[in-house]
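Trainee: Residue 781 in this note's numbering sits at position 118 of the sequence shown, with consecutive numbering throughout. Structure provided below as structure tokens; questions to follow.
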Amino acid sequence: MDSHKKKNIIRYISFAIAFTMTIAVSVMCKGNNAVASEVIKTSEEINKKCPITIDAYTILDNTTVTENPLTLVYLYTVRVNKDSLTVNLDESKKNIMKTTQNAADTDPQMAYIRDNSVLLKYHYKDKNGKYLFDFTITPKKNTK
664 MDSHKKKNII RYISFAIAFT MTIAVSVMCK GNNAVASEVI KTSEEINKKC PITIDAYTIL
724 DNTTVTENPL TLVYLYTVRV NKDSLTVNLD ESKKNIMKTT QNAADTDPQM AYIRDNSVLL
784 KYHYKDKNGK YLFDFTITPK KNTK
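In structure tokens form, the structure reads like this:
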């Protein structure tokens with residue numbers, strides 16, 4: 664795979680993460696049970712629309728919620744074959760994590776996630792179901 668395609672894949676995956684993080688936040692409420700209920704509700708709403716084609720390479724298959732700690736999990740398929748992949752997965756993961764963390768920390772639409780200490784987990788597999796990588800981020804609360 665040439666350098667241009669590698670950059671495009673990284674760019675597309677970064678966009679996919681930012682896009683789905685924006686979808687994740689819809690309603691503000693207070694209290695741990697209320698927060699969990701809202702995150703579950705958000706996950707269910709996203710899942711009604713799944714699978715969602717994010718870009719030419721990425722599909723959001725579905726989401727799920729885990730508790731202790733409260734985590735919204737995004738499950739993606741990347742339309743590639745892991746065995747023929749020529750991009751460095753560690754480098755791709757690092758770039759995607761950086762973009763995702765920045766969006767979670769600064770995007771005004773992510774305030775609910777930040778304010779309620781909801782973790783965001785991203786799991787990627789190839790078109791054959793082979794694990795590519797995953798990561799979890801903790802949005803940083805504003806400390807103003």
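Here a beta-carbon is modelled for each residue, glycine too, at the ideal position from N, C-alpha and C.
(1) Would you say ASP789 reaches chain D, if we count a Cβ-Cβ gap shorter than 8 angstroms as a contact?
(2) Have a look at the DSSP bridge pairing and note the partners of TYR785.
(3) Flag this pair as yes or no: are the beta carbons of LEU644 and VAL781 separated by less than 8 angstroms?
(4) Classify VAL750 as helix, strand or coil using the three-state DSSP reduction.
(5) Sorted by chain position, which residues of the same chain lie with C-beta nearer than 7 angstroms to THR769's C-beta, five sequence neighbours on each side aside?
(6) With 16 as the cutoff for other CB atoms within 10 Å, does ASN779 come out buried or exposed?
(7) Determine the direct distance from the alpha carbon of ALA719 to that of VAL698, and round the result to whole angstroms.
(8) Nearest by alpha-carbon distance to THR764: which of THR749, ASP753 and TYR785 is it?
(9) Given a cut-off of 8 angstroms, decide if ASN744 and ASP797 are closer than it, judged by their beta-carbon atoms.
(10) Helix, strand or coil for MET691, going by three-state DSSP, please let me know.
Mentor: The relevant details are as follows:
(1) Going by chain labels, chain D is absent from the structure shown, which holds only one protein chain.
(2) Taking the sequence shown and counting its residues from 1, the one referred to as residue 785 is at position 122. Under the DSSP definition of a beta bridge, TYR785 partners with TYR737 and PHE798.
(3) Residue 644 cannot be examined here, being either before or after the span of the chain that is shown, 664 to 807.
(4) For the purposes of this step, residue 750 is taken as residue 87 along the sequence shown, with counting starting at 1. Taken through DSSP and simplified to helix, strand or coil, VAL750 comes out as coil.
(5) Counting from 1 along the sequence shown, the entry for residue 769 is found at position 106. Correct list: empty, nothing qualifies.
(6) By one-based count along the sequence shown, residue 779 stands at place 116. Counting Cβ neighbours within 10 Å, ASN779 comes out buried, since at least 16 surround it.
(7) In the sequence shown, residue 698 corresponds to position 35, counting from 1. In the sequence shown, residue 719 corresponds to position 56, counting from 1. Using only the alpha carbons, I get a separation of about 33 angstroms.
(8) Locating residue 764 in the sequence shown gives position 101, where the first residue counts as 1. According to the sequence displayed, residue 764 carries Gln and not Thr. Checking every option, the nearest Cα to that of GLN764 belongs to TYR785.
(9) Against the sequence shown, residue 797 aligns to sequence position 134. Against the sequence shown, residue 744 aligns to sequence position 81. ASN744 is positioned such that its CB atom lies no closer than 8 angstroms to that of ASP797.
(10) What you label residue 691 is simply residue 28 of the sequence shown in a count that begins at 1. In this prediction, MET691 scores a pLDDT of 35, lower than 50, which makes its location untrustworthy; the coordinate-derived value is nonetheless stated afterwards. Note: MET691 maps to coil in three-state DSSP.
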